[in-house]
Ligand code: HAM
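In my numbering, the protein residues as written are 361 to 787.
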């Protein structure tokens, strides 16, 4: 008797990407790699698992990510406290310090892959999602800050995306934030009766985040709160203007959003987000900024840095709306055969066709011609190559073109040794 087991399902908020959609991912990844290479960025791959301390120190103890969204656990084999990366930046910086990347010359690096945050899933918000993360390490800006934004603008153009707007802000330097923080705490104390529970809890530990509230009852209070931008000194303002001038040169529109603070604590000076209204509630496609303090915070010799991350699910959702990706067929050539000898010959010929760069599927298993032709058609192949007893005797394959106009010749015989030449000239 066979025992039946209960079906297992993927975890909530973690999606399978199946072959019918994975081609979109592959196309996007390829486009992104070319785009990054055109600005001199090189790939870097860091582990998915890191010591929890890296993120709590790097991202900040009093942030949503560290307080409530990390997949953290104790390794039962050695007691280590570990976390599935909720973002790339901290790990990339850790690796750069560990391998002494930072002190010979600047490095432009990128990574792509899954990150994990235990959030409430909805459209555009998942627990395992994917980021394209780009970091310019060792460069003080403002030129490189602007270059990153200009570069993103180019990606939107390459992908044919419309309706993405840019918001920028400056978070100044530590002393400027400290002066603003004091004024802000005083202001929040004056308005304590309006603050919700979370705001009251955070008003001393992370008052800037209180202004990031979604609570409608607190909007007016947040709008009128002292603005960090008004506390910026000359140098910070000059940095901000340096970015703006370059964006103006490039013809890129932006709005200053003085309440843009971002959800991670490591930022200073330039911060930015690209936002769209086409994705419902989760409209931020990309976020980033400068984080000159992170490298020393993680134990490295001080060095400036700036970067951003794009949410790939959100980007693909936008690409799909523009329908600007074309599905690739499974193969160019589908080999149809009848009988054991024909199958073996088909495998040999298929290898020769792959030698000349064709993508070939040899029908697997024994089925009738009719069902094999159905599979050939469904595969999207441009041509079917048919081998039966006759073909083996004459050493010629029957070639059936599957996607020609009605009035063109659909079928022809081609000698085995001519097959690669004939197919490559037509496919
Ligand atoms: P972040 O704003 O936390 O920044 O995330 C970047 C992007 O990831 C967001 O703009 C959004 O598109 C996407 N994203 C975030 N959470 C989710 C989610 N739960 N589901 C789907 N997509 C999501 C960072 O992670 C910084 N490390 C960016 C950075 C790099 N700053 C400097 N360098």
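Quick reminder that beta carbons are idealized off the backbone N, C-alpha and C, glycines included.
At what residues does the alpha helix (DSSP H) containing residue i begin and finish?
i           : result
residue 397 : 379 to 397
residue 493 : Taken as a continuous stretch (DSSP letters only), residue 493 belongs to no alpha helix (DSSP H), being part of the beta strand (DSSP E) at 488 to 497.
residue 707 : 700 to 715
residue 781 : 779 to 786
residue 695 : That residue, residue 695, is in no alpha helix (DSSP H); its beta strand (DSSP E) goes 693 to 697.
Smallest Cα separation from residue i: which of the options?
i           : options               : result
residue 401 : 468, 432 and 430      : 468
residue 447 : 516, 473, 715 and 437 : 473
residue 512 : 376, 525, 437 and 624 : 525
residue 564 : 422, 772 and 392      : 422
residue 707 : 746, 515 and 730      : 746
residue 548 : 576, 522, 586 and 741 : 586
residue 777 : 757, 697 and 409      : 757
residue 408 : 582, 432, 376 and 598 : 432
residue 462 : 430, 444, 491 and 499 : 499
residue 697 : 558, 748 and 779      : 748
residue 510 : 605, 481 and 459      : 605
residue 744 : 771, 725 and 755      : 771
residue 443 : 416, 775 and 460      : 416
residue 567 : 580, 541 and 751      : 541
Looking at the ligand ZN, does it come within less than 7 Å of residue i, judged from the CB to the closest heavy atom?
i           : result
residue 720 : Ligands present in the displayed structure are limited to the ligand HAM, and the ligand ZN is not among them.
Taking the continuous beta strand (DSSP E) assigned at residue i, which residues delimit it?
i           : result
residue 422 : Per DSSP, residue 422 belongs to no beta strand (DSSP E) and is neither H nor E.
residue 759 : 756 to 761
residue 744 : 743 to 747
residue 410 : 409 to 411
residue 527 : 524 to 530
residue 589 : Taken as a continuous stretch (DSSP letters only), residue 589 belongs to no beta strand (DSSP E), as it is neither H nor E.
residue 433 : 432 to 434
Between residue i and residue j, what straight-line distance do the alpha-carbon atoms span, to the nearest angstrom?
i           : j           : result
residue 350 : residue 479 : This structure does not reach residue 350, given that the chain is present from 361 up to 787, and the question cannot be answered.
residue 631 : residue 518 : 24 Å
residue 732 : residue 784 : 22 Å
residue 613 : residue 382 : 33 Å
residue 457 : residue 666 : 15 Å
residue 569 : residue 693 : 57 Å
residue 657 : residue 364 : 54 Å
residue 720 : residue 687 : 17 Å
residue 675 : residue 391 : 12 Å
residue 690 : residue 741 : 7 Å
residue 762 : residue 490 : 37 Å
Beta-carbon separation of residue i and residue j under 8 Å?
i           : j           : result
residue 488 : residue 404 : no
residue 466 : residue 508 : no
residue 654 : residue 528 : no
residue 532 : residue 592 : yes
residue 450 : residue 420 : no
residue 530 : residue 589 : yes
residue 723 : residue 714 : no
residue 406 : residue 441 : no
residue 482 : residue 738 : no
Determine whether the Cβ of residue i lies closer than 8 Å to any Cβ atom of chain D.
i           : result
residue 736 : Of the chains in the structure shown, none is chain D; there is only one protein chain.
Within the region 607 to 650, ranges of the beta strand (DSSP E) (whole runs, at least 3 residues)
628 to 636 and 644 to 650
Kindly provide the ranges of any alpha helix (DSSP H) runs that are 4 or more residues long and lie completely inside the region 541 to 571, ordered along the chain.
Segments of the alpha helix (DSSP H) lying fully in the region 541 to 571: 557 to 562 and 567 to 570.
Ignoring anything shorter than 3 residues or poking outside the region 437 to 514, list the beta strand (DSSP E) runs there in chain order.
441 to 444, 467 to 476 and 488 to 497
Complete runs of the beta strand (DSSP E) confined to the region 653 to 691 [at least 3 residues]
665 to 671
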